[in-house]
Amino acid sequence: MSKYKLLLVVLSLAFAFAHAQDTTNAAQKASVRFSPDMLDKSIDPCTDFYAYACGKWKAANPIPADRSSWGRFNELQERGEYIVRDILEKASTDRPGRTANEQKIGDYYASCMDEGAIEKLGAKSLDADFQSIAALQSKKDLPKEIIRLHREGADVLFGFGSGSDFKNASQIIAELDQGGLGLPDRDYYFKDDPKSVELRQKYVAHVQKMFQLLGDDAAKAEAEAKIVMDIETGLAKGALDSTSRRDPQKIYHKLSNQELAALNRAFDWSAYFDGVGAPKFDSLNVVEPDFVKQMQSVLDSHSLDDWKTYLRWHVVHANAPVLSSAFVNENFDFFSKTLTGTKELRPRWKRCVGYADDDLGEAIGQIYVQQTFGAEGKERTLAMVNALEKALGQDIQSLPWMGDDTKKQALVKLAAITNRIGYPDKWRDYSTLEIKRGDALGNSQRANQYDLQRRLNKIGKPLDKRDWPYPPMTVNASYNANQNNITFPAGILQPPFYDNQADDAMNFGGIGAVIGHELTHGFDDEGSQFDAAGNLSDWWTANDKKKFEERTSCVRDQYGSYVAIDDIKVNGKLTLGENTADNGGMRIAYMALLSTLAGKEPAPIDGLTAQQRFFLGWANVWCQNRTDALSRMLATIDPHSPGKARVNDTISNMPEFREAYHCSSTAKMVNQNPCRVW
Ligand SMILES: [Zn+2]
């Protein structure tokens, strides 16, 4: 159930929740298409375009009780959930002739939905885990136990997987990363404002309650929770924060196995690597050497009994969503209610759809694309991608601040970007994954084991560019800096992003700007450090790099002054890449629209010109409501700015917006010092 966290070289369009929340029966709600009725005509678009475009939608779409946010993305996502439920329900009818994939997805879903059986088991299905932990004789046994737990999907002590070698991107190497924390980011362990202090107290109380649910008395559980917090705080000391993890130089350290061993002698790495199921290797990316060093002191300073307590916590934590309701509710209470402000648990079927998407996404995705994605969608999207690539090429050539040598390299990189649209060319083969009807927890653990093995099998092999990072029903898009490619799953190629009944202006402002956003990621503060082949290599002249950094610092400061919630501002550095991508994406989408219109001025629709509709197309995808708690959390961990900033801060940099809406030069939506990188 826990999903391997991709390093931030995969840059997505929007924050992707690991099925923490979701909601209501909005399938019956209004269509997600744009309608002029959405506009709040009482607001001057030159004063607050977001309020003009989204105010009415926001008022009419409060956050459902079982969500921490609600936006147009979610409307689309939810439609997808109903489609997937239908697929799963059909597959769950046990009948002869089901395909192997239908058996897996159907029995997985049926087991997850069998609340009675799950309730009866309580936490009994974790007994084998607890016995194995209790039997540990010395800290020397830890690697073996951690292998077992990693294979089941528990995030203990550190993360291990595979990834592209940053300096030789076509080769997959082993990857050892920070891990083993229960809270969302290392900063949660150290911030000393009252809200953060209170959150930590609530976290410790939650850990205590989970131990009590396992049968420990209150005093023992309290002491255990304190041990967990001590160990996690110790590990967090060595971990990098979300902002630092966007810097490729800080997350790439290729070391030999001997160099790794020298960093931390308290842990038997070769025992771990031999047992975990990885092919032999002699060097790997140690993402954060400081974390590995810090791990040694945490290992040394805690007794074996402390480690048993820590492991026991993470076993119950990792599996809580598929245990009986007492565990599900307590887990929800802290991680959704306290942390993100969600009031109610999602209905069971939605949680099960989410888990099935996570564990068997491509088996479901094959059926999903047959039902929803035609050849026409792929063709029209490709045509738009081509138009956007052409516009970015023209944009690069016309940049006043960039020298010819760097321009030449940028164009080489642009020409090398490959496009993946709709669904993968090669589907994941689940034949080695056993799904048993009636074994919800076992299914989840075996799916994690399958996924870890799949990732480990890649070590030492050339990169397979046909692998997708998420299933095709996902409402998102991404650019991968190591592969220099963009991915647009079928899930996002629908209204409000892309509507085959809408005019070009609306579509270029929606999916067009999204395509532009992903292309621009290849040239943001992070992506620009990778070359056409996806290697971490500097293709800039020193002078152009300096000018680039001056321009990106304008973007950093602009968004960094936006108030996310209370006294917390958007982190301009954490969000720099996404904001740069939004600005570049909108600019080249506008250029592409103009060249598609080829000088023709289409008649206004609903009294709105094509130029005006273009900007509405963009605003339309970012209408959203969020709880205060979620805004607070995302300010720390989300590299994307809130929807309002993505709309207003971005278009206030564009003179084209000012022209389209005839704004005065002093209007609020006209940035007096407009930022422009691309
Ligand atoms: Zn992005």
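Going by the numbering used here, the first residue of the sequence shown is number 5, and it counts up by one from there.
Cβ atoms here follow ideal geometry from the backbone N, Cα and C, with glycine treated the same way.
Under DSSP, the alpha helix (DSSP H) around residue i begins and ends at which residues?
i	result
residue 156	146-156
residue 78	76-96
residue 479	Run containing residue 479: none; DSSP gives neither H nor E here.
residue 651	647-655
residue 452	444-460
residue 224	222-242
residue 115	104-117
residue 249	Here residue 249 belongs to no alpha helix (DSSP H), and DSSP marks it neither H nor E.
residue 389	379-402
residue 63	53-64
Considering only the alpha carbon of each residue, which of the options lies closest to residue i?
i	options	result
residue 391	541, 125 and 511	511
residue 490	160, 386, 184 and 352	386
residue 642	220, 188 and 536	188
residue 563	580, 237 and 554	580
residue 195	183, 173, 180 and 241	241
residue 525	514, 513 and 538	538
residue 435	103, 557 and 540	103
residue 472	301, 459, 465 and 463	459
residue 372	477, 503, 589 and 488	477
residue 398	592, 356, 376 and 494	592
residue 294	640, 89, 243 and 97	243
residue 664	644, 618, 633 and 672	618
residue 534	254, 485, 358 and 552	485
residue 611	39, 515 and 649	39
residue 659	647, 544, 616 and 123	616
residue 648	627, 325, 380 and 401	627
residue 147	272, 179 and 184	272
residue 589	157, 388, 174 and 310	388
Can you look up residue i in the DSSP assignment and give me helix, strand or coil?
i	result
residue 423	strand
residue 43	coil
residue 569	strand
residue 142	coil
residue 628	strand
residue 15	strand
residue 25	Because the pLDDT of residue 25 is 33, which lies under 50, any placement of that residue in the model is unreliable, and the number read from its coordinates should be weighed accordingly. DSSP places residue 25 in coil when its eight states are reduced to three.
residue 466	strand
residue 660	helix
residue 288	strand
residue 73	strand
residue 418	helix
residue 218	coil
residue 30	Note that residue 30 scores a pLDDT of 36, beneath 50, so its modelled location is shaky and nothing firm can be said.
residue 129	helix
residue 203	helix
residue 190	helix
residue 198	helix
residue 269	coil
When every heavy atom of ligand 1 is checked, does at least one fall within less than 7 Å of the C-beta of residue i?
i	result
residue 387	no
residue 246	no
residue 523	no
residue 585	yes
residue 582	yes
residue 437	no
residue 17	yes
Along the chain, where does the beta strand (DSSP E) that runs through residue i open and close?
i	result
residue 182	172-182
residue 167	162-169
residue 280	It is not in any beta strand (DSSP E) - residue 280 instead sits in the alpha helix (DSSP H) that spans 273-280.
residue 259	258-260
Within 7 Å: the Cβ of residue i and any heavy atom of ligand 3?
i	result
residue 496	What this structure holds is ligand 1, not ligand 3.
Minimum length 4: unbroken alpha helix (DSSP H) runs contained in the segment 575-612
580-601
3-residue-minimum beta strand (DSSP E) runs that sit fully inside the segment 483-562, ordered along the chain
489-493
Contiguous beta strand (DSSP E) assignments of at least 3 residues, all confined to the segment 295-367:
For the segment 295-367, not a single whole beta strand (DSSP E) run of length 3 or above is found.
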